[in-house]
Every structure is written in structure tokens, then in C-alpha cells.
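Asker:
In this note's numbering, the protein residues as written are 316 to 888.
(1) Hey, out of 523, 525, 500, 524, whose CA is closest to residue 513's CA?
(2) Would you tell me roughly how many angstroms separate the C-alpha atoms of residue 599 and residue 574, rounded to the nearest one?
(3) Cβ atoms of residue 770 and residue 751: under 8 Å apart, would you say?
(4) Suppose contacts are defined by Cβ-Cβ distances below 8 Å. Is residue 659 in contact with residue 638 by that definition?
(5) Going by DSSP in three states, residue 679 sits in which element: helix, strand or coil?
(6) So, does the region 832–840 touch the region 793–808, judging by three or more C-beta pairs under 8 Å?
(7) Taking the CB atoms as reference points, tell me whether residue 830 and residue 812 lie closer together than 8 Å.
(8) Among 650, 877, 679, 651, whose alpha-carbon lies nearest the alpha-carbon of residue 663?
(9) Does the Cβ of residue 842 have 16 or more other Cβ atoms within 10 Å, making it buried, or fewer, making it exposed?
(10) What is the DSSP secondary structure of residue 917, reduced to helix, strand or coil?
(11) Where residue 375 and residue 531 are concerned, what is the direct C-alpha to C-alpha distance, given to the nearest angstrom?
(12) For residue 370, which residues from the same chain have a beta carbon less than 6 Å from its beta carbon, with the 5 sequence-adjacent residues on both sides left out?
(13) Quick test of the definition: if touching needs 3 or more C-beta pairs under 8 Å, does the region 595–611 touch the region 576–583?
(14) In angstroms with no decimal places, state the Cα-to-Cα distance between residue 749 and residue 801.
(15) Cα-Cα, which of 351, 613, 344 is closest to residue 380?
(16) Quick check for students: name the residue ranges of the alpha helix (DSSP H) that lie wholly in the region 452–501, counting only runs of 4 or more.
(17) Is there contact here, the region 339–359 with the region 397–409, by at least three beta-carbon pairs under 8 Å?
(18) Using a 10 Å radius around the Cβ and a threshold of 16 neighbouring Cβ atoms, would you call residue 856 buried or exposed?
(19) Have a look at 525, 684, 544 and flag the residue whose alpha-carbon is nearest the alpha-carbon of residue 490.
(20) In three-state DSSP terms, what is residue 588?
(21) Sorted by chain position, which residues of the same chain lie with C-beta nearer than 6 Å to residue 692's C-beta, five sequence neighbours on each side aside?
(22) Would you tell me roughly how many angstroms separate the C-alpha atoms of residue 478 and residue 420, rounded to the nearest one?
(23) Grouping DSSP H, G and I as helix and E and B as strand, with all else coil, what is residue 843?
(24) I think residue 429 touches residue 455, with their Cβ atoms under 8 Å apart; what is that distance to the nearest whole Å?
(25) Mapping DSSP to helix, strand and coil, what is residue 880?
(26) Closer than 7 Å by C-beta to residue 506: which residues in its own chain qualify, once you throw out the five before and the five after it? Chain order, please.
(27) To the nearest angstrom, how far is it from the Cα of residue 492 to the Cα of residue 796?
(28) Mind checking residue 576: buried by the 16 CB within 10 Å criterion, or exposed?
(29) What number of angstroms, rounded off, separates the C-alpha of residue 515 from the C-alpha of residue 646?
(30) Consult DSSP for residue 740 and reduce its assignment to one of helix, strand or coil.
(31) Residue 832: buried (16+ other C-beta within 10 angstroms of its C-beta) or exposed?
(32) Note the first and the last residue of the continuous alpha helix (DSSP H) segment covering residue 707.
(33) Helix or strand or just coil, what does DSSP make of residue 350?
(34) How would you label residue 434, buried or exposed, when you count the other beta carbons within 10 angstroms and need 16 or more for buried?
(35) Please report the straight-line C-alpha distance between residue 316 and residue 325, rounded to a whole angstrom.
(36) Have a look at residue 628 and residue 470 and give me their C-alpha separation to the nearest angstrom.
If you want it as C-alpha cells, here you go:
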């Protein structure tokens, strides 16, 4: 028949479709490019088979993460099908749905929503509510609502989709499994992590069974479950899955595919949770460069990469770099998503955290108060993100000396987290730690000590002795021993904390410098003035080098040195 015969082109198209179903998109693309050329030459650009070839190639471009190329083809396909077949023809409606999917991948959710609402209305009218294509339209719109942060609307639609598909297709049909995965994603966004985990574990089992361990959908199921493990504080289990996902995606899709980049981002997040900040920063810096090159500066994924890198900078004590990125992220998200979108609110929260690290507590309070109001309005008082906003504001109240207000919030936060997450979840332990700190600030050290002992024990057991959160717990307990006049116990812990922070964070990290200050204070209380003065001067020099002479930490260290010199001279005299 020859290479240009229509039957040859059809055979190539069929083989390409098989490659796509197997997740072998690069092989599918090569065939589809050739099919499109053949059909354009032999049939013309407006022939239905040529338009179908354009549609298939656009879908493969989308799967390969080449969304601009997909959009160009899909816009043309929609025009052709509208002109040739009419607005209500099934193929025209499908072209609208495909273009909407690409708009979602490009972060253009408002444009996607408008198309998807139209597609859903057409399919209900023409096919009925129980038709698989109508249910698919319902599912697509639910996904867009999720991306727009409209999680309650998303959940309503996704429960409906899962019920339809279970009834019509059975529990093990791929579309039913996808509906479960989508509903799990919305549960995740609503903070219902236990519900999400139950669905995701089932989805992963089904996909391994029916598709194999290396199918892209199976890998996505692993990635989703790993992210939920992270939210539940199961970071070791999350790391195992995330490393595996990154290896699989790199092998199957290449290092620059958007899904591979997301896998790197997710693994970096787990490294941060495990206190491995330098590993996290290296991954996130790579992700940001890849996202800029592939998606552009204004794509939501690029902005997210900037936000993640800023978080690593903050964790490494590089606050000026963090602030610069976070201010830009907040501006971009306000422009692209609006002030009330969850991602915009998260950007405000992150910037507030950096302002706090820089000692700019009034600015921190202003942002955090607004974040709490927005979270309460959009998510309700029991959502984990609302609770986190309360916890952050309480810490800032403590920094501003508003201890009674801090205690009031922290008692509520601890109660909510015990009920929602359990006593051993990292966020619950953090709530105990924060309340203990407030008790100390109120001079109620005898109430702080038992909480801090429990926190230290939990963190040692869950995270290990060398995790930054465990080290912080040791430092907090040491501070309480210091306040109670138990200086020998305080010193033993402080020496250990300083040594570990030097090893993990380096001499210039603010947490390391703070440890030097605490040890200097303990030396002072035990009248070891020469050692206290040596450590205080070392802390002052480090603060000046890190923040400058005018920073509050440097000025505080200078005052402490002056008091030491005065007191030691009085003692000597």
C-alpha cells in the first residue's frame, strides 16, 4: 500500500494511540506528527481525519508537558470543528473540553471554567446526566474548582461523579478509580487527610494491579499518597515513595517534564520536614530554573517553585533572599489569582514568617491577622489551615509580649489538633511546644516543664535526636531549666544544642547564634564571666555579620556584653 496510503496512516494512528495508553508518549508523538503530515497532504487541512490527527497530537503534547504547542493546535481544531460541524456536534464539544484541559495546565483556570461550564450544559442537554461524557464534564469542572480553591463546590461534584461511575462502571473501572483519586485530592485540600489516605491507598492498590507499577497513573497514585503521608506526619514513609516516584518519572518522562519537576518539588518538601534543608534547597533551586525555562515566570508552577525556594532560604537563615522572593510571589498571586485565593493567602503567611524571622513583628501580626480572617471565612474554624493561622498569630503575640492573647489561642489550637490529628502528630507536638513557651513567658515555668519534657520525648521518638525540631525542643527545655535556676541541667542541654546546630546549620545560622547567647547567659548566672563574655562577643560578631549592626539581635547582644563587663568589674572590685 505504501507509506502514504490512508490505511498506513490509520495503522500508524492506532499504534500511536496504543503507545499513549501505555504512557509511551514520545513514541506516540513521532507517529502522530507523521500521520498529521500524511493526512494534511492527502486529505487537506479541513478533512475530519486530519482534524482528528491534530487533536491526537495536541493531546500527546499535553501529556508531554508541551502545553503551548497543545494550545495552538487545539484552538485551530475548535475553530475548524465549529465551522464544519457546528457548535453542538459531539466532536466540537470535545474540542472545547480538550482546550479547557490545556488552559488548566497553563494555569488559566478562569478560561478553563468558562469552557467547562458550557461543555457540561451541552452534554446534559444532548446526552443526559448519566452519560459517561456528561460525567466526565462534571469531573473536569470539579477539578477546575479545586484549582481555583473552591473546594466545597469541587467535593459536591466529585461525590456525584464517584457515585455515577461506581453504579455505571463498577469499582475497578479506570474511570471509577480516577474519580476516587480526584475526591481524595479534594479531601486533602479540605484538610481531611485521613479520608484522603483511605481513598489513595485503595487507588494505588488498584492501579498497581490493573496498570502495573511503572504506569504514569500508578506513579501519580504513589505521589499523591506520599503527599498525604507528609501531611499526617509520616515523613519517613513519604520519603520512600517520593524517591521512587522521582526515579520513575525521570526514567519515563525525562528530567524536564513537568511531572518530574513536581516530583523533585515534593521530595524537597519532605527533606525540609526531615530537617535536611540544604538538600531541599538544591532541589528547589533546580526546580525553579526548570520551571522558568519550560513554563515562564508567571505560570503558577513557577511561582510555586519560587515560594518553595524562599521557604528553604528562610529555613537556612537566608532571610533577605527569602523576603525578596516572597514579596514577588505575593504580588504575582494577587495579580493572577486574586487576594482571596488559597495560594495567595499562603503567600501572605510565608511572607509573615520571614518578617517574624527578621524581627519585624508588627508587620508579621498585620499579615497573620488578615490570613486568619481569610482562612476562617473560606475554610471554617476547624480546617487545619485555619488552625495553623491561629497558631502562627499566637506565636507572634508572644513575640510582641501579648502573652495572655497568645495563651488563649494556643490552648484552643492544641485542643483542636489533638482532636483532628492525634497527640503524636508533629503539628500537635508543635502546639504543645508553643503553649509551653507561652507559659514560660508568663513566668509559669513549672507548667512549661512537663509539656517540654513530653515534646522532647515525642520528637526524639518520632524524628530522632538530630532533627532540628528535636534540637529546638532541647533548647526550649534548657531555657526553662535556666529560668528555674537549674543551671547545670540547662548548661548540659545547651552545650549539646550548640554542637548539633553548628554541625547541621553552620556558625552563622541565627539558631546557632541564639544557642551561643543562651550558653553565655548560663555562664553569667554561674558567675563564669570570662566564658560568658567570650561567647557573647562571638554572638555579637555573628549577628553583625549576618544582619548588620542596627539589627535588634546585634543591639541586644551589645547590651548583654555591656552588662557583663559592668557586672564582672563590680565583682572583681
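Beta carbons are placed, not taken as given, at the ideal position from N, Cα and C, and that holds for glycine.
Answerer: Taking the definition as stated:
(1) Position 198 of the chain shown, counting from 1, holds the residue named residue 513. Closest by alpha carbon: 500.
(2) On the chain shown, position 284 is the one that residue 599 refers to. On the chain shown, position 259 is the one that residue 574 refers to. When rounded, the distance between both Cα atoms is 14 Å.
(3) What you label residue 751 is simply residue 436 of the chain shown in a count that begins at 1. What you label residue 770 is simply residue 455 of the chain shown in a count that begins at 1. Here residue 751 is near residue 770, since their CB atoms are less than 8 Å apart.
(4) Numbered from 1 along the chain shown, position 344 holds the residue referred to as residue 659. Numbered from 1 along the chain shown, position 323 holds the residue referred to as residue 638. It is not a contact, given that the beta carbons lie outside the stated cut-off.
(5) Translated into positions along the chain shown, residue 679 becomes position 364. When DSSP states are grouped into helix, strand and coil, residue 679 belongs to the helix group.
(6) As far as the Cβ criterion goes, the region 832–840 touches the region 793–808, which means the pair count is three or higher.
(7) For this step, residue 830 is matched to residue 515 along the chain shown. For this step, residue 812 is matched to residue 497 along the chain shown. Yes, the pair counts as a contact, with Cβ atoms nearer than the cut-off.
(8) Here residue 663 refers to the residue found at position 348 when the chain shown is read from its first residue. Across the set 650, 877, 679, 651, the C-alpha of 679 shows the shortest separation from the C-alpha of residue 663.
(9) Numbered from 1 along the chain shown, position 527 holds the residue referred to as residue 842. Looking at its Cβ environment, which holds fewer than 16 other Cβ atoms inside 10 Å, residue 842 is exposed.
(10) This structure cannot speak to residue 917, because the chain is shown only from 316 to 888.
(11) The count along the chain shown starts at 1 and reaches residue 375 at position 60. The count along the chain shown starts at 1 and reaches residue 531 at position 216. Looking at the two C-alpha atoms, the distance is approximately 14 Å.
(12) Residue mapping note: residue 370 aligns to position 55 of the chain shown, counting from 1. 392.
(13) A contact exists between the region 595–611 and the region 576–583.
(14) Along the chain shown, one-based indexing puts residue 749 at 434. Along the chain shown, one-based indexing puts residue 801 at 486. Taken atom to atom, the span from the alpha-carbon of residue 749 to that of residue 801 is near 22 Å.
(15) Counting from one through the chain shown, the residue named residue 380 turns up at place 65. When each option's Cα is compared against that of residue 380, the closest is 344.
(16) List check, alpha helix (DSSP H) in window: 466–484.
(17) At 8 Å Cβ cutoff, the stretches do not touch.
(18) Counting from one through the chain shown, the residue named residue 856 turns up at place 541. It is exposed - the Cβ of residue 856 has fewer than 16 other Cβ atoms within 10 Å.
(19) The count along the chain shown starts at 1 and reaches residue 490 at position 175. Ranked by how close their Cα comes to the Cα of residue 490, the residues 525, 684, 544 have 525 in first place.
(20) As a position in the chain shown, residue 588 is number 273, starting the count at 1. In this structure, DSSP gives residue 588 a helical state, which the three-state scheme calls helix.
(21) As a working note, residue 692 is residue 377 in the chain shown. Excluding positions up to five away in sequence, the list is empty.
(22) Taking the chain shown and counting its residues from 1, the one referred to as residue 478 is at position 163. Taking the chain shown and counting its residues from 1, the one referred to as residue 420 is at position 105. In a straight line, the C-alpha of residue 478 is about 27 Å away from that of residue 420.
(23) Position 528 of the chain shown, counting from 1, holds the residue named residue 843. The three-state reading of DSSP puts residue 843 in coil, since its state is none of H, G, I, E or B.
(24) Indexing the chain shown from 1 puts residue 429 at position 114. Indexing the chain shown from 1 puts residue 455 at position 140. The Cβ separation is near 13 Å, so there is no contact.
(25) In the chain shown, counting from the first residue as 1, residue 880 sits at position 565. In the three-state reduction of the DSSP assignment, residue 880 falls in the helix class.
(26) Residue 506 sits at position 191 when you count from the first residue of the chain shown. Excluding sequence neighbours, residue 506 sits near 698, 699, 700.
(27) As a position in the chain shown, residue 492 is number 177, starting the count at 1. As a position in the chain shown, residue 796 is number 481, starting the count at 1. Approximately 55 Å, taken between the alpha carbons.
(28) The residue given as residue 576 occupies position 261 in the chain shown. Residue environment: residue 576 is assigned as buried (16 or more neighbouring CB atoms within 10 Å of its CB, all protein chains considered).
(29) Along the chain shown, read from residue 1 onward, the residue named residue 515 stands at position 200. Along the chain shown, read from residue 1 onward, the residue named residue 646 stands at position 331. Residue 515 and residue 646: Cα-Cα distance of roughly 34 Å.
(30) Locating residue 740 in the chain shown gives position 425, counting from the first residue. Looking at residue 740 - three-state DSSP - the assignment turns out to be coil, as it is neither helix nor strand.
(31) Here residue 832 is taken as the residue at index 517 of the chain shown, counted from 1. It is buried - the Cβ of residue 832 has at least 16 other Cβ atoms within 10 Å.
(32) As a position in the chain shown, residue 707 is number 392, starting the count at 1. Bounds of the alpha helix (DSSP H) holding residue 707 are 699–714.
(33) One-based indexing of the chain shown puts residue 350 at position 35. In this structure, residue 350 counts as helix in the three-state DSSP scheme.
(34) Here residue 434 is taken as the residue at index 119 of the chain shown, counted from 1. So residue 434 counts as buried.
(35) Here residue 316 is taken as the residue at index 1 of the chain shown, counted from 1. Here residue 325 is taken as the residue at index 10 of the chain shown, counted from 1. No answer about residue 316 holds up, because its pLDDT of 49 lies below 50 and its placement is not dependable.
(36) Position 313 of the chain shown holds residue 628. Position 155 of the chain shown holds residue 470. Taking the straight line joining both Cα atoms gives about 35 Å.
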